[in-house]
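Mapping of the sequence shown onto the numbering used here: residues 1406 to 1763, in sequence order.
Note that beta-carbon positions come from the ideal geometry of N, C-alpha and C, so glycine has one too.
Bear in mind the structure is a predicted one, so any value in this text is a computation, not a measurement.
Notes to accompany the following structure.
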Amino acid sequence: MTMSPPTALATSLSARMADHARVVADKVVLVTGGTGSFGRAFLDVILQLGQPRKVIVLSRDEQKHYQLEREVADPRLRCFVGDIRDRDRLRTALRGVDIVVHAAAMKHVPICEYNPLEAVHTNVNGARNLAEAAIDNGVERVLALSTDKAVSPANLYGATKLCMEKLLIAANAYVGDRPPRFSAVRYGNVMGSAGSVIPLFQAQRARGRLTITDERMTRFWIRMPDAVALVLRGLGLMTGGEIFVPKLPTSDIVTLAEAVAPGVPREVVGIRPGEKLHETLLSAEEARRTRDLDELMVIWPEFRFHGGAAPVAGRPLPEGFVYASDVAQPRLDVDETRALLEPSPRAALHAVPEARVA
Ligand SMILES: NC(=O)c1ccc[n+]([C@@H]2O[C@H](COP(=O)([O-])OP(=O)(O)OC[C@H]3O[C@@H](n4cnc5c(N)ncnc54)[C@H](OP(=O)(O)O)[C@@H]3O)[C@@H](O)[C@H]2O)c1
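Next comes the structure, spelled out in structure tokens:
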């Protein structure tokens, strides 16, 4: 049996962005993958609204760091070139850090399928290295970004993100009653993030022909500001072991294509290696230990890791609940999908009513 998800969508989280951003006030925050799509949006928000003491970005490509330093001229920003595969580098980078947001990953499904060991090195071994470095340095909180593709994974990307979730959640058991605490957020496709289908459709629109893999395909969608707000809220709520899941709208791929490129001819090219027709944010098994907190859902851990763990709070979900993109509500029409298309995370930040621009 499947049920509709509860109604309050993730947008209610970003409406309170300034409140949620207070969780980083006076903290030293390190963002792995801070030069990526999520990382850039997250940095903008916390530097403008969160009053962190210091923000460290760790990723590999020096060119992206160079760009970042030019664009974000903020004395609180530190750019560390480094690879999460490199334990020693992580150990050094995490010295004096209070909060880690773990966004670095390989994330392209076909590329992970074709280069499986590379995906394992980054997404799985990187998570292990991070957990060890966080424990060694007495970090307070580590929150990792996961994906709906980690639920009953059909591809290696999803499988590596499932391993990442499991490794980091289980890391709570290594530390007992001491910090760090490890938790995760899990969400669907971010509208307009690097390499997503929306920039692809936009480029194809200019060429006058869109490619669609399978017309039946559906996906959960999240706007970047809502993903940022979810992470901040998760940091505020986490006591160790939770996975925070937002309430998201869905649309099918034909509706999305029509929203991005109305009237442009489409060609069906077939599903790509490792792709699913529909994604699932919460499996039936997880739903049994998930609670609805109205603003989001929380998958509580299977183990009680330490004495400070929060008591399970929130309303239980109906028996048989599955949160999958083919059955979840609301399913957006073309106009609603178009309204959700956000050209830039920065534009959305400036739309936040309480925004204090430094
Ligand atoms: N985009 C989505 O639709 C979506 C949906 C659900 C969950 N997520 C998750 O959200 C996170 C962020 O996604 P995103 O869209 O921001 O990805 P992105 O734009 O591709 O950014 C990835 C970041 O990770 C860094 N990185 C990659 N490999 C690294 C390594 N070995 N060591 C250190 N840094 C590394 C990249 O920089 P360098 O290449 O310079 O190192 C970049 O800064 C990922 O964990 C992803 O799985 C994304």
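The stretch 1651-1658 makes no contact with the stretch 1443-1458: fewer than 3 CB pairs, one atom from each, lie closer than 8 Å. In the structure shown, Val1602 adopts helical secondary structure according to DSSP, grouped into three states.
Taking 8 Å as the cut-off, the C-beta of Arg1490 counts as close to a heavy atom of ligand 1. The bridge partners DSSP lists for Tyr1471 come to none. In the structure shown, Thr1644 falls within a coil segment according to DSSP collapsed to helix, strand and coil. Burial is judged here by how many other beta carbons sit within 10 angstroms of a residue's own beta carbon; Arg1586 has at least 16 and is buried.
Secondary structure note for Ile1461: it is in no alpha helix (DSSP H), and the uninterrupted beta strand (DSSP E) holding it is 1459-1464.
For Lys1554, the closest C-alpha among the options Glu1467, Thr1623, Ala1714 is that of Thr1623. In this structure, Arg1591 sits near Ile1704, with a CB-CB distance shorter than 9 Å.
With respect to Gly1439, Ser1464 sits close: the two C-beta atoms are nearer than 9 Å. Taking a cut-off of 8 Å on C-beta distances, the stretch 1466-1474 does not touch the stretch 1503-1518, as fewer than three cross pairs fall below it.
For Ile1574, the enclosing alpha helix (DSSP H) begins and ends at 1561-1580. Here DSSP, grouped into helix, strand and coil, assigns Asn1520 to coil. Residue state for Val1732 is assigned as coil, using DSSP reduced to three classes.
Using a cutoff of 8 Å, the CB of Gly1441 counts as near ligand 1, since one of the ligand's heavy atoms is closer than that. Residue pairing by DSSP places Val1650 opposite Met1702 in a beta bridge.
With fewer than 16 neighbouring CB atoms inside 10 Å of its own CB, Pro1667 falls in the exposed class.
With contacts defined as CB atoms closer than 9 Å, Gly1719 and Ala1692 fail to qualify as a contacting pair. Taking C-alpha positions only, Ile1461 is separated from Leu1548 by approximately 15 Å. Relative to ligand 1, His1507 has its C-beta within less than 8 Å of a heavy atom.
Counting along the chain, the unbroken alpha helix (DSSP H) around Arg1445 starts and ends at 1442-1450. Going by C-alpha positions, Gln1453 is about 17 Å away from Val1506. With the rule of 3 Cβ pairs closer than 8 Å, the stretch 1674-1693 does not count as touching the stretch 1564-1581.
Between Leu1435 and Leu1499, the beta carbon gap of about 6 Å places them in contact (Cβ cut-off 8 Å). The residue among Ser1588, Ala1510, Ala1559 with its C-alpha nearest the C-alpha of Thr1437 is Ala1510.
Taken through DSSP and simplified to helix, strand or coil, Ile1676 comes out as coil. Collapsing the DSSP output to three states places Asp1493 in a helix. Judged by the Cβ position, Asn1594 qualifies as a neighbour of ligand 1 at the 8 Å threshold, a heavy atom of the ligand being closer than this. Look at Leu1745: its beta carbon is at least 8 Å from all of the heavy atoms in ligand 1.
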